Structures are given as structure tokens and as C-alpha cells.
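Quick note: to get the working numbering, add 3 to the position in the sequence shown (first position is 1).
Ideal Cβ positions, reconstructed from N, Cα and C, are used throughout, including at glycine.
The structure displayed is predicted, hence computed values, not measured ones.
Encoded as C-alpha cells, the structure appears first; notes follow it.
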Amino acid sequence: MLGLVARDWWVFAIRGIAALVFGILAFIWPETTLTVLVYLFGAYVLVDGASLLVALVRGDAVARRHGWAVAIMGVLGIVVGVVTFVAPGVTALSLLYLVAFWAIATGTFQVIAAIQLRKELDNEFWMALGGVASIVFGVLLVAFPGEGLISLVWLVGIWAVVFGVSSLGLAYRLHKIDASLSKAAERAAAH
């Protein structure tokens with residue numbers, strides 16, 4: 004198995020380089036990166052919605068009798084895709100607010116759980132601290148939505164750079180293993 008993966012070390016190198024380029028571009032052009040990500044999301048939901056409707060129409064009669072949920076998801080995907088292309092700023096802000104309210108809600112429930120578990124759980128402080136951090140993060144996103152959108156792009160950029168560096172490190176290690184395995188195979192063939 005390792006030999007097969009090592010032989011394709013270059014795939015990891017390409018992925019690493021692509022991730023590094025994307026991450027660096029996200030830092031250099033965060034607004035452009037955000038716009039591209041929003042449009043990619045719009046294209047995805049549009050294609051997803053259309054494909055669901057096509058699958059529903061082409062599906063067998065029994066499946067179509069219970070296909071109302073698929074139809075709703077398909078139409079909703081198309082509507083969200085069109086709205087994304089018509090008003091990309093609304094989509095970006097909607098995503099930001101979704102993340103913000105999710106962080107506030109989960110943080111609140113985490114703090115409540117920490118309080119309820121304080122007699123049963125040692126160091127529940129850490130659980131509560133994580134909940135408070137989530138709440139603060141969500142509130143900051145709501146308070147500063149423009150900066151929040153750029154911050155999200157930067158987080159994606161950081162992830163891409165870390166992923167790229169780790170992929171390049173893995174590619175280098177696999178390349179060395181591949182070279183070592185190739186030499187061992189040559190020696191074995193010579194004897």
C-alpha cells in the first residue's frame with residue numbers, strides 16, 4: 004500500500020502547491036476570493052437543484068409519488084442559486100449571519116451544559132470557556148459583518164496554507180520513500 008501511495012507523491016505536491024497558491028491569493032485579494040467563493044456556491048446550489056429536479060422527473064413512478072421533498076429541495080436550490088447570482092452580497096452576508104447565529108446558539112448551549120454538569124464534570128470551566136468564546140465570536144461577526152466576511156476568507160486562507168505546506172511535506176517524504184523502494188527493487192532484480 005505504501006509503495007502505491009509513494010509512487011504518486013507528485014499528486015500530493017500538486018495539491019500542496021494549489022492550496023498554497025489559493026491561500027496566498029486569499030490573503031492578497033480577500034474581497035475577490037470572497038466573491039469567487041460566493042459565485043461558486045451559487046453555481047453549486049443551482050446545479051444541485053436542477054439535477055434533483057431532473058432526477059425526480061426521470062425517476063420511477065413509485066419514487067415520484069413520494070418526491071415532493073426532492074421537488075422542494077430542487078426548487079429551493081435553483082432559487083438560492085439565482086438569488087446568489089443576482090445579489091451576491093446578500094448571500095455572503097446571509098452565510099456570515101448563519102455562522103454567527105450558529106456560534107451564539109451552540110456557545111450558549113455549551114455554557115448551559117457546563118453549568119449543569121459542574122457537579123459531575125471536573126474542569127467544566129474549559130467547556131464554559133469554549134462556549135463563551137463561541138458567543139463572543141458570533142457577536143463580533145454580527146457587530147462587524149464586513150470585517151467578519153474578510154476574517155472568514157482569511158481563515159480559509161490560513162487553512163489552505165497549512166494544508167498546502169503539510170501536503171508538500173508529505174509529498175517530499177513519499178518521494179524519498181518511492182526512491183528508496185525503487186533502489187531496493189533494482190538491487191533485488193540484480194541478484
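By how many angstroms is the C-alpha of residue j removed from the C-alpha of residue i?
| i | j | result |
| --- | --- | --- |
| V2 | E34 | Since the first and last residues shown for the chain are 4 and 194, residue 2 lies out of range. |
| A136 | I107 | 9 Å |
| K3 | G160 | Past the boundaries of the shown model lies residue 3; the chain is included only from 4 to 194, so the question cannot be answered. |
| F112 | V142 | 15 Å |
| S97 | G70 | 28 Å |
| I138 | I153 | 19 Å |
| T94 | V78 | 17 Å |
| F128 | A117 | 7 Å |
| R61 | A53 | 12 Å |
| V14 | F166 | 14 Å |
| A182 | A188 | 10 Å |
| T109 | L99 | 15 Å |
| L177 | V48 | 37 Å |
| L101 | G19 | 30 Å |
| I115 | E123 | 14 Å |
| I17 | Q119 | 49 Å |
| A72 | F44 | 22 Å |
| D11 | I27 | 25 Å |
| V89 | N126 | 49 Å |
| V57 | A193 | 59 Å |
| I31 | A46 | 24 Å |
| F140 | R121 | 24 Å |
| Y175 | W105 | 39 Å |
Can you round the beta-carbon distance between residue i and residue j to whole angstroms, since I take them to be within the 8 Å contact cut?
| i | j | result |
| --- | --- | --- |
| T87 | V156 | Contact flag wrong, Cβ pair sits at about 17 Å. |
Excluding the 5 residues flanking residue i on each side, which residues of the same chain have their C-beta closer than 6 Å to its C-beta?
| i | result |
| --- | --- |
| F25 | A163 |
| P91 | V41 |
| I85 | One detail in the question is off: residue 85 reads as Val in this sequence, not Ile. Correct list: empty, nothing qualifies. |
| V145 | A103 |
| A131 | V114, A117 |
| G151 | L99, L144 |
Compute every distance between the C-beta of residue i and the non-hydrogen atoms of the ligand PLP, then say whether any falls below 6 Å.
| i | result |
| --- | --- |
| V14 | This structure does not include the ligand PLP; it has no bound ligands of any sort. |
Return the chain-ordered list of same chain residues with a C-beta closer than 7 Å to the C-beta of residue i, the five sequence neighbours on each side being excluded.
| i | result |
| --- | --- |
| P148 | L96, L99 |
| L55 | V73, M76, G77, G80 |
| T38 | P91 |
| D51 | G80 |
| L195 | Nothing can be reported for residue 195: it is not among the residues displayed for the chain, which extend from 4 to 194. |
Sorted by chain position, which residues of the same chain lie with C-beta nearer than 8 Å to residue i's C-beta, five sequence neighbours on each side aside?
| i | result |
| --- | --- |
| G133 | G110, Q113 |
| A29 | T36, V156, W157, V159, G160, A163 |
| R190 | none |
Open item on the list: Taking contact to mean 3 or more Cβ pairs, one atom from each stretch, closer than 8 Å, check whether the segment 8-25 and the segment 164-180 are in contact.
Closed with: yes
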